Each structure stands twice: as C-alpha cells, then as structure tokens.
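**Q**
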Amino acid sequence: MTSPNPWLTSPSHSALISIGTHSLYLSASGPLHRPGIPSILIEAGHANCSNSWPAVVRLLAKFIRVYTYDRAGYGRSERAPSDIPRTAEQIATELDLLLKAASVPGPFVLVGHSYGGILIREFLALRPFDIKGLVFVDAVMEHDLDYEWPNKELASLGKGLDSYEARGLKQNSKLSPEEWEIFVAGEKTSLFEETSQREMTGFSSSVTSLKAKNQITNKVLGARRLYIIKADHVRDYRRILEKGIEAGNGTEEEREKMKVFCEGIEKVWMRNTRALIGLCEVGWWRWKGVGCGHQVQIEMPEVVVEGVEWVLGPLWWEVKNANQVAEG
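According to full-length UniProt numbering, the residues represented by the sequence shown are 1 to 328, in order.
Given below as structure tokens:
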C-alpha cells in the first residue's frame, strides 16, 4: 500500500529536497491537495526568500494549499554549485525539478514579488499548461533592469541606519515577533549576500532571454486571469534619503543623484508595470495600487490574498466554502 504524499496531504510539511546538484527547501501549508484545484506557488523577490511570506501563507492556507520555497543560497536552501548560473531560466528549471521531486502536480496560481515577477514568467514559459493565473506583487519588468539603480548612493545614505525602521517596514510588519527575527537574521548571513550578488550577475542574460520570448506581444496568458499589485516602491528610497540627510550621511552629489532618481523612476516603473497587462486578453486583468512600500507581503498581506481570490474567481468560493464546511 502506497503511503500518502505529505506534500499533498499534510496540513504543514517542510523539508530539504535534492534536485541533483543541490537541495532546495520546500514548504507546504493548508488543506488537502485536490486534483484539478490550483495550489498557490509563491516566488520571492531578489535578495528575499520564504522568510518574508508567513503572513500571506497564514491567510491563504486557511482555505487553499500554498507552497513556498527558498531559491539556492537563500533561507534554508543549499548554495548552488559555482558553475551553475543564477539566471531566471535556470531558477525556473530548478523550481520545476523541485516540484517534480516532491511529486507536487499543477495547476498553480503563481505569485511573484519584485524579481519574482520575472521568475514566474519564466516558469510560465516552462509549464504553460499548468498555470491557472498570475499575481504580480510590485513586480519587476525586464525593462526595469535596464535602468541604472543608485546602489552606491543608497549604501552611502543608509550608512548606520536601521533600514527596516527607516523605511517603516518594521513598524508596519504583519509578521509575528518570531517571524520578524527569522526574516531579519536570514538577510544578514554571508551566503545571503553572496547569493544576492550571483543573482545580480545573471540579470543581464535573464532579461535578454525573457525579452526574446515576446510574452506580451503573444499574450501568452490568453483568457487566464492576471492581477497586478503596484506599491509605492519609490517611498522606500525617499525615506532612506530623508533619514540619511538627517543623519548627515552622503555627499551633496550623492543626495542630489538620489533625489533625481526618485523623481524620475516612479513614472518609469509605472509605465513598465502597466505593460504586464498585455500578457492576457482584454478584460482578464485587474490592477490595484497600494500605499505601502515594496515589501507588500510583509506590510499588507491581505492585498496579496485579494489578488489570489480574484485570479481564482468562482473557484475561490468553492474551496473557501468547502474548507469552512470541513472545519464546521
């Protein structure tokens, strides 16, 4: 007799799983997997992992099965061998291997935050028939990475600051105190920094590859649903600038460069993000602007749930009612 697969049946299950070259951390939460009913698959942004998603998982897993994972080198996952590039295509391939190793079938609603927006589009290209819909959470577009980001100026202005407090993230977090500590600690490891740099090295080839797929021109989602959440990302930069000036950080030149960046980038990000609408047919998308910073999943997890709810449509009420009856 075959024993049940805990990745499909256990209310909560987490483990490292080998994909051949290294092992990745996968976590499952929520009700029993039901054939044909989509599960939610979350892809974190650059320099981020599942440690920032507990508040979203907590809300979703009451009604539907949710999967989070850590990319190689982040969180609880192992470092990828140095000869394996950290491109978006490679990362999507590793996620595919992970799900197959755990025998987790589709369909999926993909949720991608920041750079995770590019990653879920690569996963969509890899498994187009397994995807029910997409939720973009302040997602990065391929053209965003063509822009010169003021990383040097940001580091200078933020010197000595608690960036979480300066941005208001700590004050507005919906994570529990324990979850917050795990999130912060995870961003302070040497492997985290190394992995962040390796992913950045792969940005250029990742962008070239995604552009070549012409997903927007080809409307690859068709009549499947798309939900776009746009946060006030530039607010994070403005707050670092303000707090940095108060602390006497940065040269006048660095301050001015950051001001110019903040004034110009907002329109660029908005224009690029709106292009995502072209992934689907007319009428199959929704847009929601929110007033929080870039880390929407930490500050406003309920908005991510709203996005999932809309993408699932009538199926959301089916799974929600079914699980409320089961609990009753």
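Glycine included, C-beta positions come from ideal geometry on N, C-alpha and C. Model, not experiment: these values are computed from the prediction.
#1: Using 8 Å as the threshold, is the C-beta distance between I265 and R255 below it?
#2: Taking 8 Å as the threshold, find out whether the stretch 176–185 comes into contact with the stretch 271–291 through three or more Cβ pairs.
#3: May I have the straight-line CA-CA distance separating I40 from P6, to the nearest angstrom?
#4: Can you find at least 3 beta carbon pairs, one from the stretch 133–148 and one from the stretch 60–80, that sit closer than 8 Å?
#5: Given 8 Å as the limit, is there contact between the stretch 108–124 and the stretch 84–93, that is, 3 or more CB pairs closer than that?
#6: Cα separation between T208 and T2?
#7: Compute the beta-carbon to beta-carbon distance between L169 and L134, rounded to the nearest angstrom, for a pair I have assumed lies under 8 Å.
#8: For S82 and V104, what's the separation of their Cα atoms in angstroms?
#9: Given a cut-off of 8 Å, decide if D138 and G46 are closer than it, judged by their beta-carbon atoms.
#10: Using only CA atoms, which one of G250, N218, L98, G313 lies nearest to Y227?
#11: Can you check the stretch 94–119 for any beta strand (DSSP E) of at least 3 residues that lies completely inside it and give the ranges in chain order?
#12: What is the rounded straight-line gap between the Cα of residue 361 and the Cα of M141?
#13: Under the three-state reduction of DSSP, which class applies to V135: helix, strand or coil?
#14: Excluding the 5 residues preceding and the 5 following E299 in the sequence, name in chain order all residues of the same chain whose CB lies nearer than 6 Å to its CB.
#15: In angstroms, rounded to a whole number, what distance separates the CA positions of L154 and R34?
#16: Between which two residues does the alpha helix (DSSP H) holding S39 run?
#17: DSSP puts A28 in a beta bridge; with which residues?
**A** So, to answer that:
#1: no
#2: no
#3: 16 Å
#4: no
#5: yes
#6: 45 Å
#7: Actually they are not in contact, since the Cβ atoms of L169 and L134 sit about 25 Å apart, beyond 8 Å.
#8: 28 Å
#9: Residue identity differs from the one stated: residue 46 is His in this sequence, not Gly. Result no, Cβ atoms of H46 and D138 do not sit closer than 8 Å.
#10: G313
#11: 108–113
#12: Limits of the chain in this structure are 1 at one end and 328 at the other, which puts residue 361 out of reach.
#13: strand
#14: N172, C292
#15: 46 Å
#16: Unbroken run through S39 is the beta strand (DSSP E), 39–43; no alpha helix (DSSP H).
#17: H13, Y67
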